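Okay, so here's the structure we're looking at.
2 protein chains.
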Amino acid sequence: MNLPPLLQSFVLHFGEMGSRWGINRTVGQIYALLYASSNPLCADDIVEALSISRSNVSMSLRELQAWNLVILKHIPDDRRDYFTTPDDVWQILRTLAEERKKREVDPTLSVLRELLMQTPGSEEERHAQARLAEMQTLIEQLTKWYDDVKHLETEQLATLLNLGAKVTRLLDAKDRIVSLGRKRTEPKTS
Amino acid sequence: MNLPPLLQSFVLHFGEMGSRWGINRTVGQIYALLYASSNPLCADDIVEALSISRSNVSMSLRELQAWNLVILKHIPDDRRDYFTTPDDVWQILRTLAEERKKREVDPTLSVLRELLMQTPGSEEERHAQARLAEMQTLIEQLTKWYDDVKHLETEQLATLLNLGAKVTRLLDAKDRIVSLGRKRTEPKTS
DNA sequence: CATTGATTTCAGTAATTTCTGAAAACAATG
DNA sequence: CATTGTTTTCAGAAATTACTGAAATCAATG
Chain A
0 MNLPPLLQSF
10 VLHFGEMGSR
20 WGINRTVGQI
30 YALLYASSNP
40 LCADDIVEAL
50 SISRSNVSMS
60 LRELQAWNLV
70 ILKHIPDDRR
80 DYFTTPDDVW
90 QILRTLAEER
100 KKREVDPTLS
110 VLRELLMQTP
120 GSEEERHAQA
130 RLAEMQTLIE
140 QLTKWYDDVK
150 HLETEQLATL
160 LNLGAKVTRL
170 LDAKDRIVSL
180 GRKRTEPKTS
Chain B
0 MNLPPLLQSF
10 VLHFGEMGSR
20 WGINRTVGQI
30 YALLYASSNP
40 LCADDIVEAL
50 SISRSNVSMS
60 LRELQAWNLV
70 ILKHIPDDRR
80 DYFTTPDDVW
90 QILRTLAEER
100 KKREVDPTLS
110 VLRELLMQTP
120 GSEEERHAQA
130 RLAEMQTLIE
140 QLTKWYDDVK
150 HLETEQLATL
160 LNLGAKVTRL
170 LDAKDRIVSL
180 GRKRTEPKTS
């Protein structure tokens, strides 16, 4: 591997992190390299930069394409494929979220739905179903939120983030006012 | 493996999913089993239920404990350790988020910070740093939001989720009103 | 349609991760 | 402090995953 030290550290870190993220080392390294490079790279550039086999690069690029994480570019009078990542980090985040949901959440949700259709054959199964139902409800709430939020423009998304928990403080205030209004007729509930 | 069919399907699914989630099959299966069982299980119960070696169970339980995903219980007049998962799925979600952040985000953030302290030695490095800075900014925004939101009570969290993108629609309305107020003096910007 | 340059596939190998059984460590009890 | 029941450790075996090099495929060009 023959890269400027800073880039090398970054690439190596992404490689190590790869396993924790469910992608393999090479895929992580290639992604990091493409992300931080100022211009698109072709497969041979990557072979050289990371000292790995041509076929490994081919496989890993295919994997990255399956994740929609790289963009294919062409350079005039050059038949080779060149690759980059999107410029906009927010767009990258969106893609990542979408793909992880597809791979890591959706299959579970569909298994849960299927298992909850079945008629429990014992007390043990009845309890298990109740637990699965709790899990299903949670996941559905989360994905509903996600579906709602994913269409937002970057700027709005940033606003939402900055707002954070403040939103609920606002709602709390509203609730207090409402319950204050009720107090006259309905005394303390709990 | 000798479990009621429903439970078995669930356990097997979590096992398969495990690899995508960066945990291994056995750990996933044990977690699923504990999650869906109506009472705490001891190591030998798990050995029997999943037909795996005692030592594998020991290692995997240790892993789950490191993730704070299981609760240790004791049963009167029984020296063995029994395990369950927390009842509250929201609490489980919180733990999961916290642990994943610790393992998957924080290390990257600290590498980014370190690399951004360095003085770039070339144009290539300068560009790389600019990219890393973009990534850092994004991650910091996300973790800031997370730190803000993680303290919320379950009910408030649910409210926040249900609100979803509506929050920004509210803010948009406000913006429109504000810009309407400005229109008289400042004509179209773009 | 042969040539050249590029990419992909795939069988075999290497590396890594997971799992096991045997032994060690631990802890409660008489 | 020996006994019994329990958990942990760890070296090696098994399984899985990643990587390579050689051959096959593909696609543009004269």
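Taken in sequence, the protein lines are chains A and B.
According to numbering that gives the first Met the number 0, the first sequence is numbered sequentially starting from 0.
According to numbering that gives the first Met the number 0, the second sequence is numbered sequentially starting from 0.
For glycine and all other residues, C-beta sits at the position ideal for the given N, C-alpha and C.
Values in this document were obtained by computation on a predicted structure and should not be read as measured data.
Close Cβ partners of residue i (< 7 Å) along its chain, the five nearest in sequence each way excluded
{"i": "E103 of chain B", "result": "none"}
{"i": "L63 of chain A", "result": "V26, I29, Y30 and V69"}
{"i": "E98 of chain B", "result": "W66 and N67"}
Closer than 7 Å at the beta carbon, the chain A residues around residue i
{"i": "V166 of chain B", "result": "L159, L162 and V166"}
C-beta neighbour in chain B for residue i, strict 8 Å
{"i": "L6 of chain A", "result": "yes"}
{"i": "S37 of chain A", "result": "yes"}
{"i": "E103 of chain A", "result": "yes"}
{"i": "L141 of chain A", "result": "yes"}
{"i": "L121 of chain A", "result": "In the sequence under discussion, the amino acid at residue 121 of chain A is Ser, which differs from the Leu named in the question. Yes, because at least one Cβ of chain B sits closer than 8 Å to the Cβ of S121 of chain A."}
{"i": "R19 of chain A", "result": "yes"}
{"i": "A65 of chain A", "result": "no"}
{"i": "A42 of chain A", "result": "no"}
Backbone CA spacing between residue i and residue j [nearest angstrom]
{"i": "K187 of chain A", "j": "A164 of chain B", "result": "Any reading at K187 of chain A is ruled out, since the residue's pLDDT is 48, under 50, leaving its predicted position unreliable."}
{"i": "S189 of chain A", "j": "L179 of chain A", "result": "Here S189 of chain A scores only 40 on pLDDT, less than 50, and its place in the model is too uncertain to base an answer on."}
{"i": "F9 of chain A", "j": "K149 of chain A", "result": "29 Å"}
{"i": "M16 of chain B", "j": "R24 of chain B", "result": "8 Å"}
{"i": "E147 of chain B", "j": "I91 of chain A", "result": "The residue you asked about is not Glu; residue 147 of chain B is Asp in the sequence shown. Using only the alpha carbons, I get a separation of about 23 Å."}
{"i": "T94 of chain B", "j": "P75 of chain B", "result": "28 Å"}
{"i": "K100 of chain A", "j": "S59 of chain A", "result": "21 Å"}
{"i": "L156 of chain B", "j": "L169 of chain A", "result": "13 Å"}
{"i": "T153 of chain B", "j": "D87 of chain B", "result": "10 Å"}
Cutoff 8 Å: residue i Cβ touching any chain A Cβ
{"i": "T107 of chain B", "result": "yes"}
{"i": "L95 of chain B", "result": "no"}
{"i": "F82 of chain B", "result": "no"}
{"i": "S189 of chain B", "result": "Since pLDDT at S189 of chain B reaches only 40, below the 50 mark, its modelled position is unreliable, and no value is offered."}
{"i": "W144 of chain B", "result": "yes"}
{"i": "R58 of chain B", "result": "Reading off the sequence, residue 58 of chain B comes out as Met, not Arg. For M58 of chain B, the answer is no, since every Cβ of chain A falls outside 8 Å of its Cβ."}
{"i": "Q155 of chain B", "result": "yes"}
{"i": "M0 of chain B", "result": "no"}
{"i": "M16 of chain B", "result": "yes"}
Beta-carbon separation (whole angstroms), residue i vs residue j, contact threshold 8 Å
{"i": "E123 of chain B", "j": "L6 of chain A", "result": "7 Å"}
{"i": "A35 of chain B", "j": "A127 of chain A", "result": "4 Å"}
{"i": "P119 of chain A", "j": "R125 of chain A", "result": "4 Å"}
{"i": "W20 of chain A", "j": "G14 of chain B", "result": "Actually they do not touch by this definition, with Cβ atoms about 20 Å apart."}
{"i": "S121 of chain B", "j": "P3 of chain A", "result": "6 Å"}
{"i": "L137 of chain A", "j": "L141 of chain B", "result": "L137 of chain A to L141 of chain B, Cβ: 21 Å. No contact."}
{"i": "L151 of chain B", "j": "T158 of chain A", "result": "Actually they do not touch by this definition, with Cβ atoms about 19 Å apart."}
Interface residues of chain B facing residue i [CB-CB closer than 7 Å]
{"i": "R130 of chain A", "result": "Y34 and A35"}
Within chain A, partners of residue i - CB distance below 9 Å
{"i": "L137 of chain B", "result": "V88, W89, I91 and L92"}
Nonlocal neighbours in the same chain, by C-beta distance under 8 Å from residue i, ignoring five residues either side
{"i": "A96 of chain B", "result": "Y145 and K149"}
{"i": "T107 of chain A", "result": "I138"}
Per-residue contacts from residue i into chain B (C-beta, under 8 Å)
{"i": "L114 of chain A", "result": "L5, S8 and F9"}
{"i": "L148 of chain A", "result": "The sequence shown places Val at residue 148 of chain A, rather than the Leu named in the question. In chain order: G163 and A164."}
{"i": "E133 of chain A", "result": "V88"}
Interface residues of chain A facing residue i [CB-CB closer than 8 Å]
{"i": "H73 of chain B", "result": "Ordered by position in chain A, no residue passes the 8 Å Cβ test against H73 of chain B, which lies about 21 Å from the chain."}
{"i": "V110 of chain B", "result": "S8, F9 and H12"}
Contacts that residue i makes with chain B (C-beta to C-beta distance below 9 Å)
{"i": "V69 of chain A", "result": "None at all; the shortest Cβ gap to chain B is about 15 Å."}
Chain-order list of residues whose beta-carbon lies under 6 Å from that of residue i (same chain, five-residue window excluded)
{"i": "N55 of chain A", "result": "T25"}
{"i": "S50 of chain A", "result": "M0"}
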